[in-house]
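Here the structure is laid out as structure tokens; the discussion comes afterwards.
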Amino acid sequence: MWRLAMLDEFYSVAQSISNTYLENEKAQGTPCIGYTCSYFPEEILHSFGIIPYRIKGLNVHSLQVADAAFGPFICSHPKCLLQHFADGDYSFLDGIIVTPGCDSMRRIDECIRKTAVNLDLPIVPPFFFHYAVPHKITEYSIKWLVDELSRCIEHIEKHFGLSFSMDKLKSSISFYNNLRRLWEELNSLRLHEPPLLSGADATAVFVAGLSMPRDSYYEKLSQFIKHYSGKEYDNRKRLMLIGSANDDIELIKIVESDYAVVVADTLCYGPRLEVDYVTEQDDPLHALAVRYLTHSHCPRMYGGYRQRLAKVVDAIQKANVEGVVLQNIRFCDLHGAENGLLERDLEKMGIPCLRLEREYGPLADYERLRMRIDAFIERLDARRVVCDRH
789 MWRLAMLDEF
799 YSVAQSISNT
809 YLENEKAQGT
819 PCIGYTCSYF
829 PEEILHSFGI
839 IPYRIKGLNV
849 HSLQVADAAF
859 GPFICSHPKC
869 LLQHFADGDY
879 SFLDGIIVTP
889 GCDSMRRIDE
899 CIRKTAVNLD
909 LPIVPPFFFH
919 YAVPHKITEY
929 SIKWLVDELS
939 RCIEHIEKHF
949 GLSFSMDKLK
959 SSISFYNNLR
969 RLWEELNSLR
979 LHEPPLLSGA
989 DATAVFVAGL
999 SMPRDSYYEK
1009 LSQFIKHYSG
1019 KEYDNRKRLM
1029 LIGSANDDIE
1039 LIKIVESDYA
1049 VVVADTLCYG
1059 PRLEVDYVTE
1069 QDDPLHALAV
1079 RYLTHSHCPR
1089 MYGGYRQRLA
1099 KVVDAIQKAN
1109 VEGVVLQNIR
1119 FCDLHGAENG
1129 LLERDLEKMG
1139 IPCLRLEREY
1149 GPLADYERLR
1159 MRIDAFIERL
1169 DARRVVCDRH
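Right, here's the structure in full:
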């Protein structure tokens, strides 16, 4: 009963734009800044006493404004983000930090501003920062990112009238490393044989943590892990989910259905958060730049495909994955292109793959996806029978 109550709370927060934890902090005058990409270090905002909020696109029912601003051939995820701003759903944000993770997300900045002018809407947050991230990992790019972090800090100080403290940043880095240990412990429940936590439940816990004040979330997550007694997901196919950004728990539920469980994924609203700790002995800004530039599975980074493939193969082996679902939102060029390479290389290794192109938000076509998943499960069933015979 306790387990279900805690999970229900995480689900409620994950599937909503706002939540009572956030609203209570806002009522006490705590500022909240939204950000668009996992390459931005939350530690910076946390050290200022600002609530970091990973902007979500779920629960949008129309793309009327976003379609006019972006045009037809754009991934529906940034469209949903823009639509939320146009509908006033993010009016509680005191600022937004936009990262050009892809060209579509780069345009969210200009589209919010143009929509505000064209429709005469007060939707531009008071604080707006364009956080540029290099596409290559070199000594120079790390130094460049340190300078970009310093520039961001200066803008926050100037706008909010706050003073930056290196000691507070060190404390925040330590806090987030401890939070990553909890995420790692949570994710380990999926690696059991049989798994003790479904992919949908894990996603709910991860996404909730991107919407709550982190100190409150840390306390809730600690208690959840301490008292968790999981349900065993026996006799289910063990799947890995790879591809475009996803905060939609319904997609995970469809992939899992009654026959599978997602035991691993590389999604940037999920376990991608946990990998790699920030070195606490180094200069804090340099340590943040190294961790955030080098940690990710994202194909926005040039020349890193072989490293990303190696990480995927390692995760497959650790989680005893039987099949990989490679999904991308329509017009997501980065993951659409990389998924083709992953399918080619993983199939050569004897790892069954399913490629899914999908829509996000109000355009989501779940029933078509369900049919594709069912057919993939049948393929894995047949493969398991052949393996058992040998």
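Heads up: the sequence shown at position 160 corresponds to 948 in my numbering, and the numbers run straight through without jumps. Just so it is clear, CB atoms sit at the ideal spot from N, CA and C, and this is done for glycine as well.
Under 7 Å Cβ to Cβ from residue i, same chain only, skipping five residues before and after it: list those, please.
{"i": "Val934", "result": "Leu1073, His1074 and Ala1077"}
{"i": "Asn1116", "result": "Gly1031, Ser1032, His1123, Gly1124, Asn1127 and Glu1145"}
{"i": "Ser806", "result": "Phe880"}
{"i": "His918", "result": "Val886 and Asp897"}
{"i": "His923", "result": "Arg1088, Met1089 and Tyr1090"}
{"i": "Arg1143", "result": "Leu1114, Asn1127 and Glu1131"}
{"i": "Tyr1154", "result": "Glu1038 and Ile1042"}
{"i": "Met794", "result": "Phe1012"}
So if DSSP puts residue i in a beta bridge, which residue, or which two residues, is it bridged to?
{"i": "Ala1052", "result": "Met1028"}
{"i": "Cys940", "result": "Beta-bridge pairing links Cys940 to no other residue."}
{"i": "Gly822", "result": "Tyr841 and Ile884"}
{"i": "His918", "result": "Val886"}
To which residues of the same chain is residue i closer than 6 Å at the C-beta, ignoring the five residues directly before and after it?
{"i": "Asn906", "result": "none"}
{"i": "Tyr799", "result": "Ala992"}
{"i": "Pro866", "result": "Ser892, Met893 and Ile896"}
{"i": "Tyr827", "result": "Thr887, Val921 and Tyr1080"}
{"i": "Arg1171", "result": "none"}
{"i": "His849", "result": "Pro1150"}
{"i": "Pro829", "result": "Leu1076 and Tyr1080"}
{"i": "Leu957", "result": "Ser835 and Pro1072"}
{"i": "His980", "result": "none"}
Does DSSP classify residue i as helix, strand or coil?
{"i": "His980", "result": "coil"}
{"i": "Pro866", "result": "helix"}
{"i": "Val905", "result": "helix"}
{"i": "Tyr1080", "result": "helix"}
{"i": "Ala854", "result": "helix"}
{"i": "His849", "result": "coil"}
{"i": "Asn965", "result": "helix"}
{"i": "Met954", "result": "helix"}
{"i": "Met794", "result": "helix"}
{"i": "Asn812", "result": "helix"}
{"i": "Asn975", "result": "helix"}
{"i": "Phe861", "result": "coil"}
{"i": "Ile1040", "result": "helix"}
{"i": "Pro829", "result": "coil"}
{"i": "Gly1058", "result": "coil"}
{"i": "Ala988", "result": "helix"}
{"i": "Glu927", "result": "helix"}
{"i": "Val993", "result": "helix"}
{"i": "Pro1001", "result": "coil"}
{"i": "Pro913", "result": "coil"}
{"i": "Asp1180", "result": "Examination of residue 1180 is not possible in this model, given that the chain is present from 789 through 1178 alone."}
{"i": "Gln803", "result": "coil"}
{"i": "Asp935", "result": "helix"}
{"i": "Ser1017", "result": "coil"}
{"i": "Ser1045", "result": "coil"}
{"i": "Glu1068", "result": "coil"}
{"i": "Ala1075", "result": "helix"}
Round the Cβ separation of residue i and residue j to the nearest angstrom and send it over; I've been treating them as touching at under 8 Å.
{"i": "Gly1124", "j": "Phe1164", "result": "Between Phe1164 and Gly1124 the Cβ distance is about 18 Å, and since that is not below 8 Å, they are no contact."}
{"i": "Leu974", "j": "Ile1013", "result": "6 Å"}
{"i": "Arg1118", "j": "Ser864", "result": "7 Å"}
{"i": "Thr818", "j": "Gly837", "result": "7 Å"}
{"i": "Leu1180", "j": "Ile839", "result": "Residue numbering for the chain in the displayed model covers 789 to 1178; residue 1180 lies beyond these limits and cannot be assessed."}
{"i": "Tyr1057", "j": "Val1109", "result": "Actually they do not touch by this definition, with Cβ atoms about 20 Å apart."}
{"i": "Pro1053", "j": "Met1028", "result": "A small fix is needed here, since residue 1053 is Asp in this sequence, not Pro. At roughly 6 Å, the Cβ-Cβ gap stays under 8 Å, so Asp1053 and Met1028 are in contact."}
{"i": "Gly987", "j": "Glu1044", "result": "6 Å"}
{"i": "Ala990", "j": "Lys1025", "result": "With 8 Å as the limit, Ala990 and Lys1025 do not qualify as a contact, their Cβ atoms being about 17 Å apart."}
{"i": "Ser1017", "j": "Tyr841", "result": "That pair is no contact at about 31 Å."}
{"i": "His872", "j": "Gly889", "result": "About 18 Å; that fails the 8 Å criterion."}
Tell me which residues share the same chain as residue i and place their Cβ nearer than 8 Å to its Cβ, disregarding the 5 neighbours each side in the sequence.
{"i": "Ile961", "result": "Glu831, Val1066, Glu1068, Pro1072, Ala1075 and Leu1076"}
{"i": "Phe915", "result": "Ile821, Asp882, Gly883, Ile884, His943, Ile944, His947 and Phe948"}
{"i": "Leu1130", "result": "Ile1030, Leu1097, Val1100, Val1112, Leu1114 and Cys1141"}
{"i": "Asp1133", "result": "Leu1097"}
{"i": "Pro1087", "result": "Tyr1093, Arg1096, Leu1122, His1123, Ala1125 and Glu1126"}
{"i": "Phe858", "result": "Pro866, Lys867, Leu870, Ser892, Arg895 and Cys899"}
{"i": "Leu970", "result": "Tyr1006, Leu1009, Ser1010 and Ile1013"}
{"i": "Asn966", "result": "Tyr1006"}
{"i": "Pro1001", "result": "Tyr809, Leu810, Glu813, Thr818 and Ile839"}
Using only the heavy atoms of the ligand NAD, determine whether one of them is closer than 7 Å to the beta carbon of residue i.
{"i": "Tyr841", "result": "Of ligands this structure carries none, so the ligand NAD is not represented either."}
In chain order, each beta strand (DSSP E) run of at least 3 residues that lies wholly inside the stretch 1086-1167: Within the stretch 1086-1167, the complete beta strand (DSSP E) runs of at least 3 residues are 1111-1117 and 1141-1146.
Continuous alpha helix (DSSP H) assignments of at least 4 residues falling wholly in the stretch 872-899: 891-894, all fully within the stretch 872-899.
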